[in-house]
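Q: Position 31 of the sequence shown, counted from 1, bears residue number 31 in UniProt numbering, the numbering being contiguous throughout.
Just so you know, even glycine gets a beta-carbon here, dropped at the ideal spot from N, CA and C.
Right, I'll just put the structure down here and ask away after.
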Amino acid sequence: MKESETERLVCVFEHGRVFPHIFQIKECMFILWRPQKRQFSLYTSTQVPDEFDRNVPRICGVCGDKATGFHFNAMTCEGCKGFFRRSMKRKASFTCPFNGSCTITKDNRRHCQACRLKRCLDIGMMKEFILTDEEVQRKKELIQRRKEEEAQKEAQKPRLTEEQRNIISTLVEAHHKTYDDSYSDFSRFRPPVREGPVTRSASRAASLHSLSDASSDSFSHSPESGDRKMNLSNLFMMYQEQGLSSSPDSKEEEGSGLSMLPHLADLVSYSIQKVIGFAKMIPGFRDLTAEDQIALLKSSAIEVIMLRSNQSFSLEDMSWSCGGPDFKYCVNDVTKAGHTLELLEPLVKFQVGLKKLNLQEEEHVLLMAICLLSPDRPGVQDHERVEALQDKLSEVLQAYIRAHHSGGHLVYAKMIQKLADLRSLNEEHSKQYRSLSFQPEHSMQLTPLVLEVFGGQVT
Ligand SMILES: [Zn+2]
Ligand SMILES: [Zn+2]
1 MKESETERLV
11 CVFEHGRVFP
21 HIFQIKECMF
31 ILWRPQKRQF
41 SLYTSTQVPD
51 EFDRNVPRIC
61 GVCGDKATGF
71 HFNAMTCEGC
81 KGFFRRSMKR
91 KASFTCPFNG
101 SCTITKDNRR
111 HCQACRLKRC
121 LDIGMMKEFI
131 LTDEEVQRKK
141 ELIQRRKEEE
151 AQKEAQKPRL
161 TEEQRNIIST
171 LVEAHHKTYD
181 DSYSDFSRFR
191 PPVREGPVTR
201 SASRAASLHS
211 LSDASSDSFS
221 HSPESGDRKM
231 NLSNLFMMYQ
241 EQGLSSSPDS
251 KEEEGSGLSM
261 LPHLADLVSY
271 SIQKVIGFAK
281 MIPGFRDLTA
291 EDQIALLKSS
301 AIEVIMLRSN
311 QSFSLEDMSW
321 SCGGPDFKYC
331 VNDVTKAGHT
341 LELLEPLVKF
351 QVGLKKLNLQ
361 EEEHVLLMAI
371 CLLSPDRPGV
381 QDHERVEALQ
391 DKLSEVLQAY
401 IRAHHSGGHL
411 VYAKMIQKLA
421 DLRSLNEEHS
431 KQYRSLSFQP
441 EHSMQLTPLV
451 LEVFGGQVT
């Protein structure tokens, strides 16, 4: 420090009640206002003399009273803070009744406004800071108001009724009982066979998959979801641009060697059983007529399977991972069970979109139940009853989202959109299933349950 500044500092402390007007801007940076030069100096904490430590008692730089903090750029008491603000606002001009050099103390600070104001300016108080300070105040008030509004909202949040809470816990329990996330049963299915004759569809999907691997590698340094999304749509676009979308004439080529069909047929059959088990536990489902239960199950089973499979779907590699490497299914594997990209492309997109909704388990199980209890399914007789059950579930879902899904005002709409997506997936699946099941060598690989549930429309 230069000598003049040191003198100034010494001077400040000689007066005994003047606190250095320093304020901290960062952990180790201090700004010192030098009133005589009317300029700031910047110091790091190591340069600043000990006396300037923040632990120095807080004393008003104007009057020596207990200070409450930095006000308009100087450490002052509330009284001097208010005095300075009022004076600046009124643009007051005071005249000292004495000789213009009054010593301002806590007790006499009201006696001479002129010297008090001069003292304020001397220690660095700035009218430019007044507005800022008020803004800070306004901000504080705003924050406070928001807090209050938040608390009010919290208080107004629709509490779930006991019945609604019971429905949710019933559904969650039903799901736990029917979805084994260890996938240990999968080893009992006919084994997956990924080799064997490569169908045109499968080889296409294989090239698609290797492309997918390649591009995910090139993005591996930044596995952003955006990149992933881009990869996916690029892949599908490439696929379409090459004019490789499946055509009816490919069916014959696929006639033999659907090596994954037995395993995936068993997997679907198993999943249907689980969906039935889940449906039976949905409150009200078993009160429906047997015919309506069957109609609902037949038409929604594949949709619920698609929904529940999202639990094993991974955005990392766009596949369903159900335990070991044998039970990790990519698009390629499903083409080896006779499905084409007309189904698989929108299915993967659906899985990605659903995954990104980050649903809570409660929402996930409610969505499955709502899907199952759609009154507009073909063959449903007691429309109104099914609709009443579905409405109740929808209300539970909406109430749950309001109460538990922060920022979830769009979640419900997005979930309902997923149900619409499922309808077209269902339609495409039926189409592909029909053409598959028309071929005896394939339909013989299916299980009686699959034939019964999916085969209804064919006969
Ligand atoms: Zn004061
Ligand atoms: Zn005076």
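Quick check on residue 184: does DSSP put it in helix, strand or coil?
A: helix
Q: Should residue 92 be listed as close to ligand 4, given that the test is whether its C-beta is under 8 Å from any heavy atom?
A: Ligands present in the displayed structure are limited to ligand 1 and ligand 2, and ligand 4 is not among them.
Q: What are the boundary residues of the alpha helix (DSSP H) that residue 350 is part of?
A: 341–356
Q: For the alpha helix (DSSP H) that residue 301 lies in, which residues bound it at each end?
A: In the DSSP assignment, residue 301 falls within the unbroken alpha helix (DSSP H) covering 290–309.
Q: Return the first residue and the last residue of the alpha helix (DSSP H) that residue 178 is part of.
A: Taken as a continuous stretch (DSSP letters only), the alpha helix (DSSP H) holding residue 178 covers 162–178.
Q: Using 8 Å as the cut-off, can you tell me whether the region 110–118 makes contact with the region 81–98, which would need three or more C-beta pairs spanning the two stretches below that distance?
A: yes
Q: Check the DSSP bridge columns for residue 75 and list the partner residues they point to.
A: 70
Q: Where residue 355 and residue 310 are concerned, what is the direct C-alpha to C-alpha distance, given to the nearest angstrom?
A: 7 Å
Q: Should the region 365–380 be regarded as contacting the region 406–413, the criterion being three or more beta carbon pairs within less than 8 Å?
A: No, they do not touch.
Q: Helix, strand or coil for residue 437 per DSSP?
A: helix
Q: Can you tell me where the beta strand (DSSP E) holding residue 319 begins and where it ends?
A: 319–321
Q: Using C-beta distances below 6 Å, list every residue in its chain close to residue 174, excluding the 5 sequence neighbours before and after it, in chain order.
A: 278 and 281
Q: Could you give the distance in angstroms between the alpha-carbon of residue 443 and the alpha-carbon of residue 333?
A: 18 Å
Q: Going by DSSP in three states, residue 394 sits in which element: helix, strand or coil?
A: helix
Q: What residue range does the alpha helix (DSSP H) around residue 366 cover?
A: Element bounds for residue 366: 361–372.
Q: Considering only their Cβ atoms, is the gap separating residue 72 from residue 84 smaller than 9 Å?
A: Yes; because the gap between Cβ atoms is below 9 Å, this pair is in contact.
Q: Looking at residue 343 and residue 452, is the spacing between their C-beta atoms short of 9 Å?
A: no
Q: Just to confirm, is the Cβ distance from residue 318 to residue 352 under 9 Å?
A: yes
Q: Measure the C-alpha to C-alpha separation of residue 337 and residue 385 and round it to an integer number of angstroms.
A: If I take the Cα positions, the gap works out to 38 Å.
Q: Within 10 angstroms of the Cβ of residue 390, are there 16 or more other Cβ atoms? Answer buried if so, exposed if not.
A: The C-beta of residue 390 has 16 or more other C-beta atoms within 10 Å across all chains shown, which makes the residue buried.
Q: Kindly indicate which three-state DSSP category residue 406 falls into: helix, strand or coil?
A: coil
Q: Going by C-alpha distance, which of 431, 118 and 434 is nearest residue 99?
A: 118
Q: My output table needs one value for residue 431: the three-state DSSP class, helix, strand or coil.
A: helix
Q: Strictly closer than 6 Å from CB to any heavy atom of ligand 2: give me those residues in the order they appear in the chain.
A: 96, 98, 100, 102, 112, 114 and 115
Q: Just the C-alpha distance for residue 328 and residue 152, rounded to the nearest angstrom, thanks.
A: 48 Å
Q: Within a Cβ cutoff of 6 Å, which residues of the same chain sit near residue 312, ignoring the five residues on either side of it in sequence?
A: 320, 321 and 322
Q: At a cut of 8 Å, does the region 179–189 reach the region 262–271 through at least three beta carbon pairs?
A: Between the region 179–189 and the region 262–271 there are three or more inter-stretch CB-CB distances shorter than 8 Å, so the stretches are counted as touching.
Q: Which term fits residue 156, buried or exposed, when burial requires 16 or more other beta carbons within 10 angstroms of its beta carbon?
A: Of the residues assessed, residue 156 falls on the exposed side of the cut-off, its CB having fewer than 16 other CB atoms within 10 angstroms.
Q: What's the call for residue 44, buried or exposed, on a 16-neighbour Cβ count within 10 Å?
A: At residue 44 the pLDDT is 44, less than 50, meaning the model places this residue with poor confidence and gives no usable figure here.
Q: Please work out which residues of its chain come closer than 8 Å, Cβ to Cβ, to residue 89, disregarding the five sequence neighbours upstream and downstream, and give them in chain order.
A: Within the same chain, residue 89 has close Cβ partners 130.
Q: Just the Cα atoms here: how many angstroms apart are residue 171 and residue 399?
A: 15 Å
Q: For residue 383 and residue 395, I'd like the C-alpha separation in whole angstroms.
A: 18 Å
Q: Taking 9 Å as the cut-off, decide whether the C-beta atoms of residue 366 and residue 143 are in contact.
A: no
Q: Which residues in the same chain as residue 447 place their Cβ atom closer than 7 Å to its Cβ, once the five residues preceding and following it in sequence are excluded?
A: 265, 266 and 269
Q: Ignore the nearest five residues each way along the sequence and tell me which others in residue 362's own chain have a CB closer than 8 Å to its CB.
A: Cβ neighbours of residue 362 beyond the five flanking positions: 168, 171, 172, 400 and 404.
Q: Grouping DSSP H, G and I as helix and E and B as strand, with all else coil, what is residue 94?
A: In the structure shown, residue 94 sits in coil (DSSP, three-state: anything other than H, G, I, E or B).
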